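Line by line, the protein sequences are chains D and E. Numbering follows UniProt numbering, with no gaps: position 56 of the first sequence is 56. Numbering follows UniProt numbering, with no gaps: position 285 of the second sequence is 285. Working notes, structure below.
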Amino acid sequence: MTSISVLKQRENQIYQKGNQPFKMECETKSLAGAVSQRACVFCGSRVVLYPIADALHLIHGPIGCASYTWDIRGAQSSGPELHRMSFSTDLSETDIIYGGEKKLKKALLELIEKYSPKAAFIYCTCIVGIIGDDVDAICRQVEDQTGIPVIAVHSEGFKGTKKDGYKAACDALFSLIERNKAPRVTLPDSINILGEFNIGGETWIIKKYYESMGVKVVSVITGDGRVEEVQQARNAALNVVQCSGSVIHLAKQMEKDYGIPYIRVSYFGIEDTSDALYQVAVFFDKNPEILKKTQDMIRKEVQAIVPRLETMKKDLEGKKAAIYVGGAFKAFSMIKALKTLGMEVVLAGSQTGTQEDYEVLRQMCNEGTVILDDSNPLELAKYSVEKDADLFIGGVKERPIAYKMGIGFCDHNHERKIPLVGFEGMVNFAKEVHGTVTSPVWDLVPRRQKPAGKEGAI
Amino acid sequence: MTLKKHKDTPSYTATQNACKMCTPLGATLVFQGIEGCVPLLHGSQGCSTYMRRYLISHFKEPVDIASSNFTEETAVFGGGANLKLAIENVARQYAPSMIGIATTCLSETIGDDVQLILNSMDNHINGTALVHVSTPAYSGTHVDGFHGAVAAVVDRFNPVGKRIVYRPKKKKKINLFPGMLSNEDLRHLKDIFEDFHTPVTILPDYSERLEGPSWEEYQAIQKGGTSISAIEKMNVAVHTLEFGAVLALTAEMGQKTAGDILSKRFGVPCTRLPIPIGVKATDRFLDTLSQISGRPVPEKYRKEKWRLVDAYVDGNKYVAKKRALIYGEEDFVVSMAGFLAEVGIIPVLCASGGKSKTFKKALEDTLPETLIDQVVIQNDMDFTCMEETAAAMPEDLRPEIIIGNSKGYAMARRLKIPLVRVGFPIHDRVGGPRILHVGYKGAQQLFDNIVNTILTAKQTESRIGYSYM
């Protein structure tokens, strides 16, 4: 892979454990022309708000933004499915010249009448920020006229990175919660599940655990989400935050304004799932019944899956994995889960990790592991080949990179259709990893046709 | 005009489930079909990421699209510096032969004069050609971006006043602008020219680059695509062929196409044909090719044709008077409708998200007069309107089969009408880029697929099922 060189401006965003003092450059804007795997502000907002199934999601801008995001998420709903539609004001040249406000208002009124949503989110795209439509004013007018919450999501693509989109979504969610005029009551032993988006039905798995522990789930933000349920969120005693990158702003805001504390958890892998549930049980220690139920349930669940994992582990022992995901917190859990399966992580990276995240990653990883921030196809290919990975975990854009080089792949993003959380999710994950890593097709790919000696290429 | 039911469905302000993508997507696809070219979108990071993701799910290949990564300051002070930096970094990382720069709605609106910026760089960076196409997302669809990029590339490499060095008389080279076709279509077209012993320059040709082999070493840019040197010689070809019935009519109305540029500047005659889907359209294509190349249609194709006609006969009664809904890019819909009509299927609803004023006329020219009053033609249409129009048709006139890309899946599922996947994008199946539509062979595969889909539906509905037909 000598032919692939790393851009000079990106050198400090790449670290190989053991060979240099650790100082990761991160949380910067993507370098122009570097072909970053990152998306934009709009994408971040859309991801977080998308699963609210009884809300209208209207994308204000030219058609592209709506077209490329139509029903691409794996977030499931147990009832209404309005979120799976793709609505756009589809701005044309004249709208750009004369402004899109009138069109937006007309579109909103029409759509609200046709679909009777419980609330409406209006996503402002790049162009709206430039032509200066007063979307907030339109939202207020339509809210007055229709009586449902109509909320502008300020997600102009150029205003930052995906992370800034998360914040815009959190602002929109908080504004929705604030519209609840009923008095606040703190329900005992109750939580909100935050940053859980019901990909492939994951919310239902997690909810089931909490129910059997005797913990009441007030709302899930936003998996299988409903407007009214989100508005009840301020009545919970605790916020349990998964995917903290996306919803931490909301958790902090709720702590500040309502005094609801939050904890950060992950439901990926046996270790982290158990840890998450125990943390919640311990928080409600005034009710010892909860901890007991939690212990019983976890014991039962773990016993049920361990034999199945052991069988697969035999084939996976010593295989190498590369991880490139959105948030770094997800990578921590994944490293642990892969260890459970006997695998070693040789590359770990994220789109949006912080200095602290990368420090944790460094501590978790073995010598020689490559750590990357805001990477691109060329770097990902270079290092996963140099490190001779057998498996790559990433999203849709990473898949062809892995496949082209004859590396197994496991999808871990919002477009998945299979649940990977909790104990049963761990079995699904193991099955998928096992299925691809042991596939006979890798014996046929060019990379495996040549004799060993792979270290020589670096 | 018994079926004009679409008039009963309301016309909405918002677009709901669009049957189109934005202009830069088409441009990036064209750039993927040029050897050594890397597409660069001048705008926000999201545009390139979303389009990469979109193309990857169809082609299942790496699709690198660079971005100039606008920030808030860029949006205020202009994108010149970002664009230059992006160009430098792409050149450094990829060492491309060309960087194809498409402008997004953002950079178009703040008024970045990209051509001026490129001129200041002499339209080159270290031997890499810089080519710009203007693709504001708020005017036109992905197809307009596609044609715009083809024209921009031809314009750039065949400038006014370029001295015609030679016009090879013996080897009659032909230019082909095929429009948005599948990889398999492009490969089949290349085979046809080869069988005619006639050299051809097809622009764009992403058939190898977006469906190549596994690698031993990672390739910054996949192999394949039309070479720039071939594009530079397009002005000495003996003839240009341009596919697209709608495009042909639009060109007559004054829209400048790549074929136009070559004919106006260099006198290369241009013939516009519908996309050759079905027997009649393929006949027309092969006969034209035979005429301009001076070579007879190879026996192989005669055989293919008569085998196909024989298959039409074998399957005729299963498709006779079946009603189809077809949608997709306008030119694709027109040719597909022509094919359906020739096997006896009535394309009761022909829809597209495109906005060309010539769509209706192109279909009227293509479909037999006996059929036209049973056909609802509607462009600038989204999937919600399509679904409502289909559902509003009286039951005995409603579509029984849906033909189009994966985007119609939700509609097909709700309407409980089987969907035959063709065109672009096919993102919920494997093999989308390998679907063959053109030539007798393409018609054969489409015909088998459509008949079998109808038979499967019938078999599944049957109380006893059946094993013989």
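In this text, a Cβ means the ideal position worked out from N, Cα and C, and glycines have one as well. Note that the coordinates shown come from a computational prediction; the quantities given were computed from them, not determined experimentally.
Point to revise | Presumed contact (8 Å Cβ cut-off) between residue 439 (chain E) and residue 188 (chain E), rounded CB distance | key: Here residue 439 (chain E) refers to the residue found at position 439 when the second sequence is read from its first residue. Here residue 188 (chain E) refers to the residue found at position 188 when the second sequence is read from its first residue. Between residue 188 (chain E) and residue 439 (chain E) the Cβ distance is about 5 Å, and since that is below 8 Å, they are a contact.
Checklist line | Interface residues of chain D facing residue 64 (chain E) [CB-CB closer than 7 Å] | finding: For the purposes of this step, residue 64 (chain E) is identified with residue 64 of the second sequence, where counting begins at 1. 35, 377, listed in chain order.
Query raised in the report: Quick one: Cα of residue 273 (chain E) to Cα of residue 77 (chain D), how far?
Result: Walking along the second sequence from the start, residue 273 (chain E) turns up at place 273. Walking along the first sequence from the start, residue 77 (chain D) turns up at place 77. Roughly 47 Å separates the two Cα atoms.
Give me whichever residues DSSP pairs with residue 60 (chain D) in a beta bridge. The residue given as residue 60 (chain D) occupies position 60 in the first sequence. According to DSSP, residue 60 (chain D) bridges with D:124.
### Message
Using the three-state DSSP reduction, which class does residue 323 (chain E) fall into: helix, strand or coil?
### Response
As a position in the second sequence, residue 323 (chain E) is number 323, starting the count at 1. Correct three-state label for residue 323 (chain E): strand.
_Just to confirm the assignment, what range does the beta strand (DSSP E) spanning residue 216 (chain D) have?_
Stepping through the first sequence from its first residue, residue 216 (chain D) is reached at position 216. Looking at the DSSP string, the run of the beta strand (DSSP E) that includes residue 216 (chain D) is 216 to 222.
Practice item. Using a cut-off of 7 Å between C-beta atoms, extract the partners of residue 215 (chain E) located in chain D. Key: In the second sequence, residue 215 (chain E) corresponds to position 215, counting from 1. Think of a sphere of 7 Å around the beta carbon of residue 215 (chain E): the chain D residues whose beta carbon falls inside it are 404, 405, 446, in chain order.
What are the start and end residues of the alpha helix (DSSP H) that includes residue 7 (chain D)? Within the first sequence, the letter at position 7 stands for residue 7 (chain D). Where residue 7 (chain D) is concerned, there is no enclosing alpha helix (DSSP H), given that its DSSP letter is neither H nor E.
* **Residue span of the alpha helix (DSSP H) that contains residue 46 (chain D), given as start and end** => As a first step, residue 46 (chain D) must be located in the first sequence, where it is residue number 46. Segment 41 to 49, the alpha helix (DSSP H) holding residue 46 (chain D).
Hey, does residue 71 (chain E) have any beta-carbon neighbour from chain D nearer than 8 Å?
The residue labelled residue 71 (chain E) in the question sits at position 71 within the second sequence. Taking CB atoms only, residue 71 (chain E) has a neighbour in chain D less than 8 Å away.
Closer than 7 Å by C-beta to residue 380 (chain D): which residues in its own chain qualify, once you throw out the five before and the five after it? Chain order, please. Position 380 of the first sequence holds residue 380 (chain D). Closer than 7 Å at Cβ, skipping near neighbours: 324, 398, 401.
| message | Any C-beta of chain E within less than 8 Å: which residues of the region 45 to 62 of chain D qualify? | response | Result list: 58, 61, 62.
| message | Looking at chain B, is there any beta carbon in it that lies within less than 8 Å of the beta carbon of residue 289 (chain E)? | response | Looking at the structure shown, chain B is missing, and the protein chains on hand are D and E.
Cutoff 8 Å: residue 455 (chain D) Cβ touching any chain E Cβ:
Here residue 455 (chain D) is taken as the residue at index 455 of the first sequence, counted from 1. Model confidence at residue 455 (chain D) stands at a pLDDT of 47, short of 50, so the residue's coordinates are unreliable; what they give is reported in the following sentence. It does not; no Cβ of chain E falls within 8 Å.
* DSSP state of residue 243 (chain E) mapped onto helix, strand, coil -> Translated into the one-based positions of the second sequence, residue 243 (chain E) becomes position 243. Residue 243 (chain E) sits in a strand when the DSSP states are folded into three classes.
| query | What number of angstroms, rounded off, separates the C-alpha of residue 180 (chain D) from the C-alpha of residue 229 (chain D)? | reply | Working through the first sequence from its first residue, we reach residue 180 (chain D) at position 180. Working through the first sequence from its first residue, we reach residue 229 (chain D) at position 229. For residue 180 (chain D) and residue 229 (chain D), the distance between alpha carbons rounds to 11 Å.
Taking the Cβ atom as the reference point for each residue, do residue 176 (chain D) and residue 112 (chain D) lie within a distance shorter than 8 Å?
The count along the first sequence starts at 1 and reaches residue 176 (chain D) at position 176. The count along the first sequence starts at 1 and reaches residue 112 (chain D) at position 112. No. Outside cutoff.
Can you give me the start and stop residues for the beta strand (DSSP E) that residue 47 (chain E) sits inside? Looking up residue 47 (chain E) in the second sequence gives position 47. First-last for residue 47 (chain E): 45 to 59, but that is the alpha helix (DSSP H), not the beta strand (DSSP E).
For this session: Report buried or exposed for residue 455 (chain D), applying the criterion of at least 16 other Cβ atoms within 10 angstroms of its Cβ.
Result: Here the question's residue 455 (chain D) lines up with position 455 in the first sequence. For residue 455 (chain D), the pLDDT reaches just 47, beneath the cut-off of 50, and the residue's location in the model is therefore unreliable, leaving the point undetermined.
_Local conformation of residue 212 (chain E) per DSSP, three classes_ = Taking the first residue of the second sequence as position 1, residue 212 (chain E) is located at position 212. Assignment of residue 212 (chain E) by DSSP, reduced to helix, strand and coil, places it in the coil class.
Problem - Beta-bridge pairing of residue 16 (chain D) - partner residues as DSSP gives them - result: In the first sequence, residue 16 (chain D) corresponds to position 16, counting from 1. Paired residue(s): D:370.
*In DSSP terms, what residue 320 (chain D) is bridged to*: For the purposes of this step, residue 320 (chain D) is taken as the residue at position 320 of the first sequence. In DSSP, residue 320 (chain D) forms a bridge with D:344.
Grab the span of the beta strand (DSSP E) containing residue 466 (chain D) for me, first residue to last. Because chain D spans 1 through 458 in this model, residue 466 (chain D) falls outside it and cannot be assessed.
* Sequence-distant residues of the same chain with beta carbon closer than 6 Å to residue 273 (chain D), five excluded per side -> Here residue 273 (chain D) refers to the residue found at position 273 when the first sequence is read from its first residue. Cβ within range, chain order: 267, 422.
field: Residue-level contact to chain D via CB, residue 105 (chain E), 8 Å cutoff
entry: Here residue 105 (chain E) refers to the residue found at position 105 when the second sequence is read from its first residue. Output row for residue 105 (chain E): interface = yes.
Next on the checklist: Using beta carbons (cut-off 8 Å, strictly below), is residue 97 (chain E) in contact with chain D?
Outcome noted: Counting from 1 along the second sequence, the entry for residue 97 (chain E) is found at position 97. Using beta-carbon distances, residue 97 (chain E) does not count as an interface residue toward chain D, since no partner is under 8 Å.
Discussion item. Run through chain D and tell me which residues come within less than 8 Å of residue 86 (chain E), C-beta to C-beta.
Written reply: The residue you call residue 86 (chain E) lines up with position 86 of the second sequence. Ordered by position in chain D, the residues that pass the 8 Å Cβ test against residue 86 (chain E) are 32, 33.
**Asked** Secondary structure at residue 98 (chain E), three-state DSSP: helix, strand or coil?
**Response** Position 98 of the second sequence, counted from the start, is the residue given in the question as residue 98 (chain E). Strand at residue 98 (chain E).
(request) Keeping to the same chain, check which residues put their C-beta closer than 8 Å to that of residue 84 (chain E); ignore five residues upstream and five downstream. (result) Position 84 of the second sequence holds residue 84 (chain E). Leaving aside the five residues that flank residue 84 (chain E) on each side, the residues in its chain whose CB is nearer than 8 Å to its CB run, in chain order, 117, 121.
- Message: Could you compute how far the alpha carbon of residue 312 (chain D) sits from the alpha carbon of residue 341 (chain D)?
- Response: If you number the first sequence from 1, residue 312 (chain D) lands on position 312. If you number the first sequence from 1, residue 341 (chain D) lands on position 341. Computed Cα separation, rounded: 7 Å.
So is residue 1 (chain E) in contact with chain D if we call contact Cβ pairs under 8 Å?
Position 1 of the second sequence, counted from the first residue, corresponds to residue 1 (chain E). Its pLDDT being 39, under 50, residue 1 (chain E) is placed unreliably by the model, and the measurement read from it follows with that caveat. No, its Cβ sits nowhere closer than 8 Å to a Cβ of chain D.
Do you know offhand how far residue 73 (chain D)'s Cα is from residue 208 (chain D)'s?
-> Reading the first sequence from its first residue, position 73 is the one you call residue 73 (chain D). Reading the first sequence from its first residue, position 208 is the one you call residue 208 (chain D). About 22 Å.
| query | With burial defined as no fewer than 16 other Cβ atoms inside 10 Å of the residue's Cβ, what is the status of residue 192 (chain D): buried or exposed? | reply | For the purposes of this step, residue 192 (chain D) is taken as the residue at position 192 of the first sequence. Answer is buried; the Cβ neighbour count reaches 16.
inquiry  = Can you confirm whether residue 473 (chain E), when its beta carbon is compared against all beta carbons of chain D, has any partner nearer than 8 Å?
reply    = The displayed coordinates of chain E run from 1 to 469. Any statement about residue 473 (chain E) would go beyond what the structure contains.
**Request:** Please go through the same chain and pick out, in chain order, the residues whose beta-carbon is closer than 6 Å to the beta-carbon of residue 71 (chain D), but skip the five residues on each side of it.
**Result:** Against the first sequence, residue 71 (chain D) aligns to sequence position 71. Excluding the 5 residues flanking it on each side, residue 71 (chain D) has same chain C-beta neighbours closer than 6 Å at 84, in chain order.
| field | CB contact below 8 Å: residue 234 (chain E) versus chain D | value | Numbered from 1 along the second sequence, position 234 holds the residue referred to as residue 234 (chain E). Not one chain D Cβ lies under 8 Å of residue 234 (chain E).
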